[in-house]
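Letter 120 of the sequence shown, counting from 1, is numbered 1273 in our numbering, and no numbers are missing.
Working notes for the structure below.
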Amino acid sequence: GLLKIDTITDLIKSKNYKLFSPQLENCLRYCDELYNKEEFTGFGVDTAFKRALYEEMLECSKTKLLKKYTTFLIDMQNISLASRLRDKKLFESVRLRGGSLKDDILDSLCSGDAEEILMRTRSSDYASAIKLIVNARAKGETFFRFDYMFDCFPISYFDKYKYTTDGYAPYLRYCFLKQTELINLRIIIEGLIAGRNKQRIANELRRVYE
């Protein structure tokens, strides 16, 4: 980050948010409103910060490549939220802004049955991802396959630039490879702490290098 922890603490205590980004400043003021209305919950705060994060990421995505990637992240997050919450009103209160998915698709994920959702989204760019999450819910399974696809997308997306020697794409690919390595470390450490089967842990590792 740009600010030291002590500085952040002092700024928040004094409600002086001007040194933060505009998105984070708006987020903090919104959280203050929640507190004043006695509507301050962990879920509400987490959602507010997640919205601010993606809004700032979208603004920072000045190139076509990064903008497409960030839009994908927002769409996948909204698919996940709508599918997990299954409540249109609640979803609208936490929906991330800046995605490309149309309202009818997200509405269907909130309230439609499996057959309706699959039919309505069959021509969507996210048909495969939606099918994974709908089938998992119908079987009462976790959304592991959907989450796996989500985490592996950056590597798949930037793999086409594997042998590119100029521009910024190779560096971005390197960054996402390192990020995926950290995800794998978390999976391994959390799995070992929980005493999980080692083969199961290995099966959950995200693709990095081939």
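A virtual CB, placed ideally from N, CA and C, is assigned to each residue, including glycine.
Closest Cα partner of residue i within the set the options
i	options	result
R1237	S1246, C1213, L1249, L1262	L1262
I1283	K1157, N1231, L1218	N1231
P1175	K1315, S1246, S1264, M1210	M1210
S1246	S1253, K1255, L1234	L1234
K1255	M1272, S1277, T1216	S1277
C1180	I1165, K1166, F1202, D1159	F1202
R1239	Y1321, L1345, S1264, L1335	S1264
A1322	V1198, T1216, C1305	T1216
Exposed unless 16 or more other CB atoms sit within 10 angstroms - verdict on residue i
i	result
M1229	buried
N1356	exposed
Y1207	buried
G1348	exposed
T1274	buried
C1328	exposed
I1227	buried
F1297	exposed
L1259	buried
I1346	exposed
I1158	exposed
Under 7 Å between C-beta atoms of residue i and residue j
i	j	result
T1333	V1361	yes
I1308	F1299	no
L1187	F1193	yes
R1326	F1311	yes
L1249	R1182	no
S1214	T1200	no
R1359	I1336	yes
A1267	A1289	no
Query raised in the report: Of all the alpha helix (DSSP H) runs that stay within the bounds of the stretch 1251-1298, which reach a length of 4 or more residues?
Result: 1256-1264, 1267-1273, 1280-1291
Report task. Taking only runs that begin and end inside the stretch 1195-1224, name each unbroken alpha helix (DSSP H) of 4 or more residues, in chain order. Result -> 1195-1213
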